[in-house]
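In my numbering, the protein residues as written are 40 to 239. Ideal placement from N, C-alpha and C gives every residue a C-beta, glycine not left out. The structure appears below as structure tokens.
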């Protein structure tokens, strides 16, 4: 009779339910306009020290804004890091620590698209790049929107378009929409909220 093999993976001969890594020291390597590069020393669960390099990024908001029960507002803008013109939902950073997530969502929607939301409905939050960034994105649905005017930053060049939700889903399926926050937010909404939320 053969002996059963123990298939459990043991890492560093340390087994514990507590996998917390404790900060020992932190150094900002570079501080840029949008984010910073940090290099931290942490104490691992097994007591050893390790270096963790990551991007320190402010909290951000993204907005699903519907013109009616079919059409959603999208932006088209060139993204230099990937060298492409992309479809995206409106989004932006929370620069002021005193600004609430809801107010930031209202502000970004108005600045980038020229549409004002009289109400913001919180949907969910997620971490887009946990391996190397502290960024968290809070997703909202804009309600009771009215048209005003854009107020773009001097380095922003954004075309605002509207598209039927079914067409957006088709573009996601066909890899024509490649922006992660847009894909995640649209699919989340269609999976969990489309039948439950009233779309003005």
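Using 8 angstroms as the Cβ pair cut-off and three pairs as the minimum, do the stretch 192 to 210 and the stretch 174 to 182 touch?
Under the Cβ criterion (8 angstroms, minimum of three pairs), the stretch 192 to 210 does not count as touching the stretch 174 to 182.
Would you call residue 131 buried or exposed, if buried means 16 or more other Cβ atoms sit within 10 Å of its Cβ?
Start at 1 with the first residue of the chain shown, and residue 131 comes out as number 92. With 16 or more other Cβ atoms within 10 Å, it is buried.
Enclosing beta strand (DSSP E) for residue 219 [first to last residue]
Walking along the chain shown from the start, residue 219 turns up at place 180. No beta strand (DSSP E) contains residue 219, which is instead part of the alpha helix (DSSP H) from 219 to 227.
Between the CA atoms of residue 63 and residue 202 - distance to the nearest angstrom:
Here residue 202 is taken as the residue at index 163 of the chain shown, counted from 1. Here residue 63 is taken as the residue at index 24 of the chain shown, counted from 1. Near 49 angstroms, if we compare the C-alpha coordinates of residue 63 and residue 202.
Three-state secondary structure (DSSP) of residue 233:
Numbered from its first residue, the chain shown carries residue 233 at position 194. Correct three-state label for residue 233: coil.
Going by C-alpha distance, which of 159, 112, 207 is nearest residue 152?
Walking along the chain shown from the start, residue 152 turns up at place 113. Answer by Cα proximity: 112.
Mapping DSSP to helix, strand and coil, what is residue 149?
Looking up residue 149 in the chain shown gives position 110. Three-state DSSP puts residue 149 in a helix.
Taking the beta strand (DSSP E) that residue 155 belongs to, which residues open and close that run?
What you label residue 155 is simply residue 116 of the chain shown in a count that begins at 1. Start and end: 154 to 165.
Grab me the residues of residue 155's own chain with a C-beta within less than 6 angstroms of its C-beta, minus the 5 sequence neighbours each way, in chain order.
Within the chain shown, the letter at position 116 stands for residue 155. So the list reads 149, 185, 187, once near-sequence residues are dropped.
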